[in-house]
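Numbering (our numbering), first residue to last: -13 to 135.
Ideal placement from N, C-alpha and C gives every residue a C-beta, glycine not left out.
Only a predicted model underlies this, so the values are computations on that prediction, with no experimental measurement involved.
Encoded as structure tokens, the structure appears first; notes follow it.
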């Protein structure tokens, strides 16, 4: 009987972790689509109210998501097309409510004109993601820019 209870408990723990991993991956996807869509309200909802972001390695803002959204809104307006892809999500749970997450991204953008100019940026994020009453949210994000071409 004790072994059965232990196995049931272990199964529940594994199921809960699988669900949390899925929810965190979904959060990162919603962040990326909001960025592509220029939906800065939805983009900011991927973060905790007191979140800190640092996009300085790509020449971007450091501070709150609100400051970053304002900066990115202006920067992204020069592009008529942008597409971002994220992946290779590695999640390490520090406890039941905190995860350290690494993920890669590649973003392609087009500046319109008679001869459009294309830019591509790739790198990775180091995030702290926390469980809140509103689900998993990013509380700290640091971008590492690998290259721009």
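task: Specify the secondary structure class of residue 41 as computed by DSSP and reduced to three states.
output: coil
- request: Could you tell me which of 133, 121, 100, 129 sits nearest to residue 34, measuring between CA atoms?
  value: 121
query: From which residue to which residue does the beta strand (DSSP E) around residue 113 run?
result: 103 to 118
query: Are the CB atoms of residue 29 and residue 37 nearer to each other than 8 Å?
result: no
- prompt: Does the distance from the CB of residue 32 to the CB of residue 124 come in under 8 Å?
  reply: yes
field: Collapsed DSSP secondary structure at residue 61 in the structure displayed
entry: helix
field: Simplified DSSP state of residue 32, which is helix, strand or coil
entry: coil
- prompt: Under 8 Å, do residue 110 and residue 90 count as touching if we go by C-beta distance?
  reply: yes
- prompt: When burial is assigned at 16 or more other CB atoms within 10 Å of the CB, is residue 17 buried or exposed?
  reply: buried
Closest residue to residue 64 among 97, 45, 81, 42 (Cα-Cα distance): 97
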